[in-house]
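Some notes on the structure that comes next.
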Amino acid sequence: MGQRKKIFLVTPSPSTFAQRDLEALRQDYRVREAVISNYQGRGSLERSLLIAFEIFRGVLWADLVYSWFAHNHSYLAVRLANLFGKRTIVIIAGYEVAREPEIGYGAQLNQKLAKRVNHIIGNADHILAVSEFNKQEILRLSDRRHVMVVYNGIDGTQFNPGGEKEETVITVCQINQSSIKLKGLDTFVETARLLPDLRFVIVGRDIDGSVEGLR
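Quick note: the sequence shown, position 168, residue 318 per my numbering, numbers continuous.
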């Protein structure tokens with residue numbers, strides 16, 4: 151049996167979805183992981199150098215580089231992978247290709263970051279979008295047809311509703327000042343007032359006390 155392919159996974163934080171990917175990939179491949187948030191608390195220059203070194207070392211080792219989100223970490227990973235002839239996959243989740251000046255949201259509002267995102271889209275071997283809308287936003291920035299939709303999923307065996315369906319409307323997100331407009335929580339609450347016969351529930355942590363303004 152031949153030696154298993156090597157994948158270098160780069161992610162900004164040890165989020166559950168990245169860890170699920172890590173677990174799944176390790177079933178069939180040799181995998182190394184770089185978690186950018188592990189370098190928090192260090193000086194800016196030291197942090198940048200350590201991150202760059204870990205990504206450089208991982209790219210050299212791997213056959214394929216797999217990055218969550220099109221940001222600075224994946225920009226460096228894609229540049230190095232192209233230099234050393236390694237294949238690349240980047241997952242784009244929405245923020246990277248968004249431009250919403252009314253609410254100050256989206257990487258495309260930042261000229262430097264927008265250029266890096268556009269470079270990633272144009273030079274990664276494959277881009278994975280999390281929705282069809284997300285895919286169209288990506289293609290708006292690039293005419294390369296190397297974008298595939300892979301929806302976020304849940305474990306249906308673990309999260310399996312039982313009993314009769316309730317007349318409840320649920321939204322799930324962290325609650326803070328920015329998410330009120332970004333996630334439409336103000337509209338959600340106003341809709342709840344107009345439909346008193348239905349139960350509306352926001353599921354998520356109150357980060358900065360903003361939930362009081364929604365009551």
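No residue lacks a Cβ here, since even glycine has one placed at the ideal position from N, Cα and C.
Here the structure is a predicted model, which is why all the values come from computation and not from measurement.
Between the CA atoms of residue j and residue i - distance to the nearest angstrom
i: valine 267; j: serine 165; result: 21 Å
i: alanine 168; j: asparagine 302; result: 11 Å
i: alanine 212; j: phenylalanine 158; result: 6 Å
i: arginine 355; j: valine 361; result: 9 Å
i: alanine 264; j: glutamate 316; result: 43 Å
i: leucine 332; j: arginine 192; result: 31 Å
i: lysine 262; j: arginine 295; result: 24 Å
i: arginine 229; j: alanine 257; result: 19 Å
i: glycine 272; j: serine 292; result: 7 Å
i: threonine 321; j: valine 247; result: 23 Å
i: tyrosine 179; j: glutamine 324; result: 34 Å
i: valine 339; j: arginine 154; result: 51 Å
i: isoleucine 242; j: serine 198; result: 22 Å
i: asparagine 260; j: serine 217; result: 21 Å
Local Cβ density within 10 Å of residue i, reported as buried at 16 or more and exposed below that
i: isoleucine 357; result: exposed
i: lysine 236; result: buried
i: phenylalanine 219; result: buried
i: serine 194; result: exposed
i: asparagine 310; result: exposed
i: glycine 363; result: exposed
i: alanine 231; result: buried
8 Å Cβ cutoff met for residue i and residue j
i: leucine 214; j: isoleucine 239; result: yes
i: glycine 244; j: asparagine 284; result: yes
i: histidine 221; j: isoleucine 205; result: no
i: valine 319; j: leucine 344; result: no
i: isoleucine 288; j: valine 297; result: yes
i: valine 300; j: leucine 278; result: yes
i: tyrosine 225; j: histidine 269; result: yes
i: glycine 208; j: arginine 176; result: no
Check: Curious, which full-length alpha helix (DSSP H) runs of at least 4 residues does the stretch 272-358 contain?
Finding: 282-291, 327-332, 335-344
Notebook entry, point to check: What are the complete alpha helix (DSSP H) segments, minimum 4 residues, inside the stretch 209-239?
Noted result: 222-233
Notebook entry, point to check: Hey, is the stretch 179-190 in contact with the stretch 249-261, meaning 3+ C-beta pairs nearer than 8 Å?
Noted result: no
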